[in-house]
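Novice: Just passing along the structure, written as structure tokens.
There are 2 protein chains.
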Amino acid sequence: MRKISESTVRRLSLYLRFLEQFAAHGQTTISSAELARRGGTTSAQVRKDLSFFGSFGKRGLGYSVTELAAKIRDILGLRRTYRVILVGAGRIGGALVQYPGFRQRGFHVTAIYDKDPHKVGSRWNGLVVRDVRHIEADLAKEPTDIAIVVTPAEAAQDVVDRLVHSGVKAILNFAPVQLAVPADVVVKSVNMALELETLSFSLSNR
Amino acid sequence: MRKISESTVRRLSLYLRFLEQFAAHGQTTISSAELARRGGTTSAQVRKDLSFFGSFGKRGLGYSVTELAAKIRDILGLRRTYRVILVGAGRIGGALVQYPGFRQRGFHVTAIYDKDPHKVGSRWNGLVVRDVRHIEADLAKEPTDIAIVVTPAEAAQDVVDRLVHSGVKAILNFAPVQLAVPADVVVKSVNMALELETLSFSLSNR
DNA sequence: CCACGATTGTGAACTTATTCACAATATGCG
DNA sequence: CGCATATTGTGAATAAGTTCACAATCGTGG
Ligand SMILES: NC(=O)c1ccc[n+]([C@@H]2O[C@H](COP(=O)([O-])OP(=O)(O)OC[C@H]3O[C@@H](n4cnc5c(N)ncnc54)[C@H](O)[C@@H]3O)[C@@H](O)[C@H]2O)c1
Ligand SMILES: NC(=O)c1ccc[n+]([C@@H]2O[C@H](COP(=O)([O-])OP(=O)(O)OC[C@H]3O[C@@H](n4cnc5c(N)ncnc54)[C@H](O)[C@@H]3O)[C@@H](O)[C@H]2O)c1
């Protein structure tokens with residue numbers, strides 16, 4: 069397959085959300101122009117994004133909402149559910165476990181780990197917080213697809229090393245550090261302070 | 069000023085974080101190559117990013133860590149502090165108010181708003197949660213620089229309309245919806261489900 | 001069953017972003 | 001001082017991403 073850009077993947081994920089909304093409203097077909105309007109892009113961009121993966125529309129008519137949604141789910145690998153573990157039972161971790169949106173989209177949090185003896189053993193949304201030292205053993209028995217790192221910055225690289233060592237191939241990181249991982253592991257970082265700084269830049273430059 | 073790309077701004081923010089770390093370790097000078105290594109980019113990219121704003125280095129020597137940090141703070145508009153309000157006293161909102169990292173970087177949360185009468189009036193990290201209906205009046209008296217939207221998706225556009233109407237020019241949005249705002253208002257969205265879906269895509273394509 | 005309006009799919013043109021590559025220095029040392 | 005070494009700053013080359021523009025094709029309605 070040709071190299072697909074990050075921005076294309078992000079847009080596909082957006083299109084999918086719109087398609088689900090259109091489907092919920094009973095709309096059966098949709099044009100690239102309409103999808104573009106919703107996503108703040110152009111119709112050519114929508115068609116180009118899709119064209120990397122095939123041709124899913126009908127000329128003169130547009131796309132079937134449900135078919136295109138199914139196709140994008142396929143492309144994004146969303147036909148299956150994913151096992152997700154959370155490392156760090158802190159404030160952000162707490163918000164994430166309780167958030168129903170992830171499960172709705174097929175991401176199932178199956179375990180939470182922490183280092184703090186006061187937190188280990190407590191129940192979080194039906195899950196018992198486990199000691200982070202059990203990660204390797206647990207993952208050997210029941211591998212996970214994705215790990216979310218919500219520990220303090222100082223602990224993050226350490227935690228990630230153990231995750232990688234345990235065979236985790238995808239990591240979503242909230243700690244404000246640049247993580248080093250082997251080439252076959254993919255890391256996405258959410259850096260909220262950085263987002264605020266881009267806002268600060270925008271405010272100062274107009 | 070020439071149009072600066074989003075990616076350049078994000079990288080500058082990263083460089084700044086690294087510079088602060090180097091400063092904390094007592095390092096006084098640094099080369100573009102070293103910054104690049106840390107940030108996962110190339111030395112040419114680092115120099116190009118900086119060159120949009122001036123020339124801050126010494127040939128043969130590199131950059132003064134503290135001078136460059138000060139310069140980037142200038143560029144990003146981080147010489148001042150920012151007033152930030154939070155709309156939505158839920159789980160994510162709770163994590164955000166308690167997070168010390170924002171204040172450390174000059175972003176001061178000055179008020180929290182919610183719609184729920186059970187939450188209005190309660191204390192959150194020293195701040196009393198106010199009724200969202202007071203937003204307009206409050207902001208007329210004490211303008212804010214940035215608003216963080218952490219309400220449910222259904223309420224987000226409504227809240228944003230009121231923020232815009234009250235003169236807010238920068239918004240950080242956590243609700244998984246595309247927000248419509250006038251051209252002079254900048255919105256950044258953090259969409260965690262979308263991040264998970266890009267991971268899902270990566271996992272399914274190798 | 002043909003002509004028309006709508007809309008896709010996609011090369012080609014264009015625009016933006018990244019990397020290359022090298023002259024222009026700064027430092028240090030014999 | 002003059003030469004060797006390091007590293008910047010930047011125009012030019014390349015690569016990547018977006019938009020244009022139009023032939024291909026579908027459904028409809030006369
Ligand atoms: N809270 C926010 O709004 C916010 C915003 C931006 C970034 N972040 C980042 O997200 C991360 C988590 O933030 P938080 O506010 O939830 O912090 P927190 O302090 O509330 O929680 C961190 C948790 O990690 C646990 N922990 C520490 N070391 C560990 C280890 N080695 N293994 C497993 N668990 C360990 C701690 O016991 C604690 O329970 C931090 O890196 C923070 O910088 C948080
Ligand atoms: N919690 C997470 O981990 C997570 C992850 C991804 C995205 N999000 C998104 O972030 C947003 C907030 O999530 P949450 O988990 O904190 O939700 P939550 O339900 O815990 O909190 C939402 C808060 O907003 C308040 N609210 C509702 N309507 C309002 C209005 N019109 N004005 C002011 N306040 C109003 C509610 O009373 C509630 O206190 C949601 O859009 C959610 O989809 C959350």
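Chains as they are written, first to last, in the working numbering: chain D, 69 to 274; chain E, 69 to 274.
No residue lacks a Cβ here, since even glycine has one placed at the ideal position from N, Cα and C.
Find the nearest neighbour of residue 270(E) within the set 252(D), 95(D), 262(D), judged by alpha-carbon distance.
Specialist: By one-based count along the second sequence, residue 270(E) stands at place 202. If we check each option's Cα against that of residue 270(E), 252(D) comes out closest.
Novice: For residue 155(E) and chain D, any beta-carbon pair shorter than 8 Å?
Specialist: Walking along the second sequence from the start, residue 155(E) turns up at place 87. Judged by the 8 Å Cβ criterion, residue 155(E) is not in contact with chain D.
Novice: Between residue 254(D) and chain E, is any beta-carbon pair separated by less than 8 Å?
Specialist: Reading the first sequence from its first residue, position 186 is the one you call residue 254(D). When Cβ-Cβ separations below 8 Å define contact, residue 254(D) makes contact with chain E.
Novice: Using the C-alpha atoms, what's the distance from residue 244(E) back to residue 326(E)?
Specialist: A query on residue 326(E) cannot be resolved here, the shown segment of chain E reaching from 69 to 274 and no further.
Novice: Step through the CB atoms of chain D and report whether any lies within less than 8 Å of the CB of residue 169(E).
Specialist: Indexing the second sequence from 1 puts residue 169(E) at position 101. Yes, because at least one Cβ of chain D sits closer than 8 Å to the Cβ of residue 169(E).
Novice: Tell me whether residue 165(E), by its Cβ, gets closer than 7 Å to a heavy atom of ligand 2.
Specialist: For this step, residue 165(E) is matched to residue 97 along the second sequence. No.
Novice: Output, in chain order, the set of chain E residues within a Cβ distance shorter than 9 Å of residue 187(D).
Specialist: In the first sequence, the residue the question calls residue 187(D) occupies position 119. Under the 9 Å cutoff, chain E gives no residues; its nearest Cβ is about 15 Å from residue 187(D).
Novice: Under the three-state reduction of DSSP, which class applies to residue 161(E): helix, strand or coil?
Specialist: Stepping through the second sequence from its first residue, residue 161(E) is reached at position 93. Shown here, residue 161(E) sits in a helix according to DSSP, grouped into three states.
Novice: Between the Cα of residue 213(D) and those of 273(D), 219(D), 178(D), 229(D), spot the shortest distance and give me the residue it belongs to.
Specialist: Within the first sequence, numbered from 1, the residue matching residue 213(D) stands at position 145. Ranking 273(D), 219(D), 178(D), 229(D) by Cα distance to residue 213(D) puts 178(D) first.
Novice: Can you name, in chain order, every residue of its own chain whose Cβ lies under 6 Å from the Cβ of residue 242(E), other than the five neighbours on each side?
Specialist: Numbered from 1 along the second sequence, position 174 holds the residue referred to as residue 242(E). Beyond the five residues adjoining it in sequence on each side, residue 242(E) comes within less than 6 Å, by CB distance, of 160, 218, 258 in the same chain, given in chain order.
Novice: Beta strand (DSSP E) containing residue 253(E): first to last residue?
Specialist: To locate residue 253(E), count along the second sequence from 1; it is residue 185. Per DSSP, residue 253(E) belongs to no beta strand (DSSP E) and is neither H nor E.
Novice: Check the Cβ-Cβ distances between residue 250(E) and every residue of chain D, and say whether any is below 8 Å.
Specialist: Counting from 1 along the second sequence, the entry for residue 250(E) is found at position 182. No - not a single Cβ of chain D is within 8 Å of the one on residue 250(E).
Novice: Could you please give the first and the last residue of the uninterrupted alpha helix (DSSP H) stretch that includes residue 136(D)?
Specialist: Position 68 of the first sequence, counting from 1, holds the residue named residue 136(D). 133-144 is the extent of the alpha helix (DSSP H) around residue 136(D).
Novice: By the criterion of Cβ-Cβ separation under 7 Å, what are the contact partners of residue 237(D) in chain E?
Specialist: For the purposes of this step, residue 237(D) is taken as residue 169 along the first sequence, with counting starting at 1. By Cβ distance, chain E contributes 271.
Novice: From residue 125(E) to residue 272(D), what distance separates their C-alpha atoms?
Specialist: Sequence index remark: in the second sequence, residue 125(E) carries index 57 (1-based). Sequence index remark: in the first sequence, residue 272(D) carries index 204 (1-based). Roughly 24 Å separates the two Cα atoms.
Novice: For the region 100-115 of chain D, enumerate the residues whose C-beta is nearer than 8 Å to any C-beta of chain E, in chain order.
Specialist: Close to chain E, meaning a Cβ-Cβ distance shorter than 8 Å, are the following residues of the region 100-115 of chain D: 106, 107, 108.
Novice: Any contact of the region 174-188 of chain D with the region 136-156 of chain D, i.e. 3+ C-beta pairs under 8 Å?
Specialist: Judged by Cβ distances under 8 Å, the region 174-188 of chain D makes contact with the region 136-156 of chain D, as three or more pairs qualify.
Novice: Quick check on residue 266(E): buried or exposed, where buried means 16 or more other Cβ atoms within 10 Å of its Cβ?
Specialist: Looking up residue 266(E) in the second sequence gives position 198. Burial call: buried.
Novice: With a threshold of 8 Å between beta carbons, is residue 166(D) in contact with chain E?
Specialist: Along the first sequence, one-based indexing puts residue 166(D) at 98. So yes, residue 166(D) belongs to the interface.
Novice: Which stretch, first to last residue, makes up the alpha helix (DSSP H) that contains residue 84(D)?
Specialist: Start at 1 with the first residue of the first sequence, and residue 84(D) comes out as number 16. Taken as a continuous stretch (DSSP letters only), the alpha helix (DSSP H) holding residue 84(D) covers 74-92.
Novice: Consider the C-beta atom of residue 232(E) and the heavy atoms of ligand 2; say whether any pair is separated by less than 7 Å.
Specialist: Within the second sequence, the letter at position 164 stands for residue 232(E). Because no heavy atom of ligand 2 lies under 7 Å away, the Cβ of residue 232(E) does not count as near it: no.
Novice: Relative to the C-alpha of residue 186(D), which residue among 194(D), 72(D), 199(D) is closest?
Specialist: Reading the first sequence from its first residue, position 118 is the one you call residue 186(D). Residue 186(D) has its Cα closest to that of 199(D), out of 194(D), 72(D), 199(D).
Novice: Using the rule of at least 16 other Cβ atoms within 10 Å of the residue's Cβ for burial, across every protein chain shown, is residue 196(E) buried or exposed?
Specialist: Position 128 of the second sequence, counted from the start, is the residue given in the question as residue 196(E). With fewer than 16 other Cβ atoms within 10 Å, it is exposed.
Novice: Just confirm the distance between the C-beta atoms of residue 97(E) and residue 133(E), as a whole number of angstroms; I'd bet it's less than 8 Å.
Specialist: One-based indexing of the second sequence puts residue 97(E) at position 29. One-based indexing of the second sequence puts residue 133(E) at position 65. Yes, residue 97(E) and residue 133(E) are in contact; Cβ-Cβ is about 6 Å, under 8 Å.
Novice: Give the residues of chain E in contact with residue 266(D), contact being defined as C-beta atoms less than 9 Å apart.
Specialist: To locate residue 266(D), count along the first sequence from 1; it is residue 198. Under the 9 Å cutoff, chain E gives 74, 77, 78, 81, 144, 254, 256.
Novice: From the DSSP output, which residues share a beta bridge with residue 196(D)?
Specialist: The count along the first sequence starts at 1 and reaches residue 196(D) at position 128. Answer by DSSP bridge pairing, in chain order: 191(D).
Novice: What would DSSP say about residue 175(E), mapped onto helix, strand or coil?
Specialist: The residue you call residue 175(E) lines up with position 107 of the second sequence. In this structure, residue 175(E) counts as strand in the three-state DSSP scheme.
Novice: If we ignore side chains and look at the alpha-carbon of each, how far apart do residue 260(D) and residue 206(D) end up?
Specialist: The residue given as residue 260(D) occupies position 192 in the first sequence. The residue given as residue 206(D) occupies position 138 in the first sequence. Each residue's alpha carbon lies about 31 Å from the other.
Novice: If you run the structure through DSSP and keep just helix, strand and coil, what is residue 129(E)?
Specialist: Sequence index remark: in the second sequence, residue 129(E) carries index 61 (1-based). Of the three classes helix, strand and coil, the one that applies to residue 129(E) here is coil, per DSSP.
Novice: For residue 248(D), does the count of other Cβ atoms within 10 angstroms reach 16, so buried, or fall short, so exposed?
Specialist: Here the question's residue 248(D) lines up with position 180 in the first sequence. The residue in question, residue 248(D), is exposed, as its Cβ has fewer than 16 Cβ neighbours within 10 Å.
Novice: What would DSSP say about residue 215(D), mapped onto helix, strand or coil?
Specialist: What you label residue 215(D) is simply residue 147 of the first sequence in a count that begins at 1. It is a strand residue.
Novice: If you draw a straight line from the C-alpha of residue 77(D) to the C-alpha of residue 236(D), how long is it?
Specialist: Residue numbering aside, residue 77(D) sits at position 9 when the first sequence is read from its first letter. Residue numbering aside, residue 236(D) sits at position 168 when the first sequence is read from its first letter. Whole-angstrom Cα-Cα distance: 21 Å.
Novice: Closest Cβ-Cβ distance between residue 92(D) and chain E: below 8 Å?
Specialist: Here residue 92(D) refers to the residue found at position 24 of the first sequence. Answer no: the Cβ-Cβ gap between residue 92(D) and chain E never drops below 8 Å.
Novice: Applying a beta-carbon distance threshold of less than 7 Å, which residues of chain D neighbour residue 213(E)?
Specialist: Counting from one through the second sequence, the residue named residue 213(E) turns up at place 145. In chain order: 271.
Novice: Leaving aside the five residues before and after residue 129(E) along the sequence, list all residues of the same chain whose C-beta is less than 7 Å from its C-beta, in chain order.
Specialist: Your numbering for residue 129(E) matches position 61 in the second sequence. Short of 7 Å from the beta carbon of residue 129(E), and not among the five residues preceding or following it, lie these beta carbons of its own chain, in chain order: 97.
Novice: What residues match up with residue 241(E) in a beta bridge as DSSP calls it?
Specialist: Along the second sequence, one-based indexing puts residue 241(E) at 173. DSSP, once it has assigned bridges, lists 217(E), 257(E) as partnering residue 241(E).
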